[in-house]
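Report on the structure given below.
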Amino acid sequence: MEHYKEKLENLILEKGQTKKLQDGEFLIVGTLLVEGGSLVIENAKLIFTEGSGILVHDGTFEATNSTFEPHYYNAGWVNVSLVGNIKGFIRNCSFEAGKGREDTIFAELGFFEEKKENTYGGCLFIFNSNPSVFDVSNCSFKNSEADFGGGAYVDGRVRVINCNFFNCKANWDGGGLSVGRGVEVIKCKFEHCKAPNRIGGGLVADKRNLIRDCLFSNCRANGGGGAYLWEENRLENCAFATCHADVGGGLKASEKNEIVNCHFANCYSKDWGGCVYLWEGNSLEGCQFENCISETGGGAIYCHRHNHLGKNRYKNCKPKNVQGKCKVPCFITTATLKALGGNETVDDCYELNLFRQYRDNYLLSTPEGYQLVEEYYRISPFIVEKINAQPNREEIYNLLWEKYLKPCLREIEKGNFERVKEIYIQMVEYLKKLYL
Numbered sequence: 018m019e020h021y022k023e024k025l026e027n028l029i030l031e032k033g034q035t036k037k038l039q040d041g042e043f044l045i046v047g048t049l050l051v052e053g054g055s056l057v058i059e060n061a062k063l064i065f066t067e068g069s070g071i072l073v074h075d076g077t078f079e080a081t082n083s084t085f086e087p088h089y090y091n092a093g094w095v096n097v098s099l100v101g102n103i104k105g106f107i108r109n110c111s112f113e114a115g116k117g118r119e120d121t122i123f124a125e126l127g128f129f130e131e132k133k134e135n136t137y138g139g140c141l142f143i144f145n146s147n148p149s150v151f152d153v154s155n156c157s158f159k160n161s162e163a164d165f166g167g168g169a170y171v172d173g174r175v176r177v178i179n180c181n182f183f184n185c186k187a188n189w190d191g192g193g194l195s196v197g198r199g200v201e202v203i204k205c206k207f208e209h210c211k212a213p214n215r216i217g218g219g220l221v222a223d224k225r226n227l228i229r230d231c232l233f234s235n236c237r238a239n240g241g242g243g244a245y246l247w248e249e250n251r252l253e254n255c256a257f258a259t260c261h262a263d264v265g266g267g268l269k270a271s272e273k274n275e276i277v278n279c280h281f282a283n284c285y286s287k288d289w290g291g292c293v294y295l296w297e298g299n300s301l302e303g304c305q306f307e308n309c310i311s312e313t314g315g316g317a318i319y320c321h322r323h324n325h326l327g328k329n330r331y332k333n334c335k336p337k338n339v340q341g342k343c344k345v346p347c348f349i350t351t352a353t354l355k356a357l358g359g360n361e362t363v364d365d366c367y368e369l370n371l372f373r374q375y376r377d378n379y380l381l382s383t384p385e386g387y388q389l390v391e392e393y394y395r396i397s398p399f400i401v402e403k404i405n406a407q408p409n410r411e412e413i414y415n416l417l418w419e420k421y422l423k424p425c426l427r428e429i430e431k432g433n434f435e436r437v438k439e440i441y442i443q444m445v446e447y448l449k450k451l452y453l
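Residue numbers for the sequence shown follow our numbering, so the first one is 18 and each next one is one higher.
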C-alpha cells in the first residue's frame, strides 16, 4: 500500500466539505460518496477495488488529466455516477473496465421509477438536473460494459465532446454511449463497440439530442449497428464505416429524426437496410452511401412508411437477394434503349446504371417498392416479347422513352424519387392494358 498517496474507504463528503485528489495514485475502497460536497481530481490515478466507485448527489465534481481504472482488471469496478443538481466538468480523463452501477441506488434517489436491477453507464453515469451544462471533453472510455451504456450513460444538460469509445459493450442498449434527452454528442469516435442483444452498437439516443461530427467504425448490434435513434433526434455530418446489424447495418431510426449530410460505407445488414433502416416520419437528406449490402431488402436504405428521402448519393449498394437480378437487363428499359440505337454495350450505359441504382437503393427500400419490382420482373419479359412482334415496335419504344423513361431519368437526376415511382406505375399500367 506504500505506493498509494492515500487510501479512501467509504468516504462521505457532505455539503460544505471539499476533497482534493492531486498528483499521485489513490486507492478507492467502497463508495466515495459526495452528498452535497465537492470532489476535485487533478493529475491523479484512481484505482478502484472490486465493487467500488464514486457517487455524487447534488454536488460538485471536477476531474482533469486523470485516470480511472480497476485494481484488478478482470474484477472491474462500478463507475463514476453523478446525479441531481451537478456542477463541474470532466476533461482529459481516461476511464477503463467499468461494470456500471445498478439502478437500485438511482431509484432510491428518485431518478428512476422502479428497480429493475439493470446496470447503467459502464464507466460513467450522469443524470444532470442543473440548468447549467456539464461538459465531458477529450476523454476515453475503454473495455467497459453495462446493460445500458457500455461506456457511459448521460441524460439532461450534458455535452460529450471529442471523446473516444473503444471496445465497449452493452447487454441491451448503447454499446458505447446511451443518451437520454437534451444531450449534445460532438466529434466523438465509437470503435469496435457492440450491443449484441438489442440496439445501438455505438450509440443510442432517446429524444431531442444532437449528434454531430461523429465516427462509428466496426460497431455491431441487433438493430442499428452504429447507432439507434428513438425520436426527434438530429444526426449531422457523421460517418459510419463497416458497421453490421440484423436490421439497419449503420443506423436504425424510429420516429421523426433528422439525418443530414452523413456518410455510410461498407455497412451490412442481415435482413433489411444495409446502411439505414427508417421506421416512420424520418427525414434523410444530403447523405452518401457506398458499398452497402442487405441480405433481404434496401441495400442502402429500407423505409417502413412515411419517411422523406431528399437528395442523396448512392454507389454500389445492393440487396443481396436480388443481386443476381441486378446483372440481368432491365427488360423494357434495355429493349427501349437498344431500339433507339444502342449497341451491345447498352447494358452498362449511364441510363441503365442510373435506373438500377434507383431500383436497388430506393424502390427496394420499401415493401411497396419491393412488390413493384417483383411484379416488373414477372411481367416485363412477356411485354417486351409482344412489343417486338409488332410492326411498329420502334414507334412504341420511342413513345415509351419520350413519355415515361426519359422523364423518369430526369427526375432521378433531380432526386425526386417519389415522382419517378408515379411515372413508373403509369407506364406499367399502360403496358399491362395493351399487352397483358
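Quick reminder that beta carbons are idealized off the backbone N, C-alpha and C, glycines included. The structure displayed is predicted, hence computed values, not measured ones.
Does the beta carbon of residue i come closer than 8 Å to any beta carbon on chain B?
i, result
"residue 155", "Absent from the structure: chain B. Only one protein chain is present."
Specify the secondary structure class of residue i as computed by DSSP and reduced to three states.
i, result
"residue 186", "strand"
"residue 214", "strand"
"residue 263", "strand"
"residue 431", "helix"
"residue 21", "coil"
"residue 164", "strand"
"residue 227", "strand"
"residue 425", "helix"
"residue 377", "helix"
"residue 343", "In this predicted model, residue 343 has a pLDDT of only 32, less than 50, meaning its place in the structure is not dependable; the value taken from the coordinates is given anyway. Three-state DSSP puts residue 343 in a helix."
"residue 56", "strand"
"residue 239", "strand"
"residue 453", "coil"
"residue 371", "helix"
"residue 438", "helix"
"residue 28", "coil"
"residue 272", "strand"
"residue 249", "coil"
"residue 79", "strand"
"residue 362", "With a pLDDT of 41 at residue 362, under the threshold of 50, the modelled position of this residue cannot be trusted; read the value that follows with caution. Coil, per DSSP."
Which two residues bound the contiguous beta strand (DSSP E) that contains residue i?
i, result
"residue 176", "175 to 178"
"residue 386", "Segment 384 to 405 is the alpha helix (DSSP H) holding residue 386; no beta strand (DSSP E) there."
"residue 410", "Per DSSP, residue 410 belongs to no beta strand (DSSP E); it is in the alpha helix (DSSP H), 410 to 417."
"residue 69", "No beta strand (DSSP E) holds residue 69; DSSP gives it neither H nor E."
"residue 39", "35 to 46"
"residue 321", "318 to 322"
"residue 159", "157 to 159"
"residue 201", "201 to 203"
"residue 275", "275 to 277"
"residue 280", "280 to 282"
"residue 301", "300 to 302"
"residue 297", "293 to 297"
"residue 479", "Lying before the first or after the last residue shown, residue 479 is absent from the chain, which here runs from 18 to 453."
"residue 420", "First-last for residue 420: undefined, no H or E at that position."
"residue 307", "305 to 307"
"residue 197", "194 to 198"
"residue 332", "330 to 332"
Counting along the chain, where does the alpha helix (DSSP H) carrying residue i start and finish?
i, result
"residue 352", "349 to 356"
Write down the C-beta distance between residue i and residue j rounded to the nearest angstrom, noting that I regard them as a contact closer than 8 Å.
i, j, result
"residue 179", "residue 204", "5 Å"
"residue 319", "residue 294", "5 Å"
"residue 218", "residue 199", "Not really, about 23 Å apart at Cβ, beyond 8 Å."
"residue 327", "residue 291", "Their Cβ separation, rounded to whole angstroms, is 19 Å, which puts residue 327 and residue 291 out of contact at 8 Å."
"residue 187", "residue 140", "The Cβ separation is near 12 Å, so there is no contact."
"residue 163", "residue 138", "6 Å"
"residue 286", "residue 265", "6 Å"
"residue 216", "residue 269", "7 Å"
"residue 299", "residue 334", "About 18 Å; that fails the 8 Å criterion."
"residue 123", "residue 100", "7 Å"
"residue 159", "residue 184", "6 Å"
Does any heavy atom of the ligand ADP sit closer than 7 Å to the C-beta of residue i?
i, result
"residue 48", "Absence of the ligand ADP is noted for the structure shown, with no ligands found whatsoever."
* What runs of the alpha helix (DSSP H), each 4 residues or longer, lie entirely inside the stretch 82 to 152? -> Fully enclosed alpha helix (DSSP H) runs of 4 or longer: 120 to 125.
* Asked: Are the stretch 426 to 439 and the stretch 398 to 412 in contact at 8 Å, needing three or more beta carbon pairs?
  -> These segments do not touch.
* **Segment contact flag, the stretch 57 to 64 with the stretch 78 to 86, C-beta cutoff 8 Å, min 3 pairs** => These segments touch.
* Asked: Are the stretch 393 to 406 and the stretch 432 to 440 touching by the rule of at least three beta carbon pairs closer than 8 Å?
  -> no
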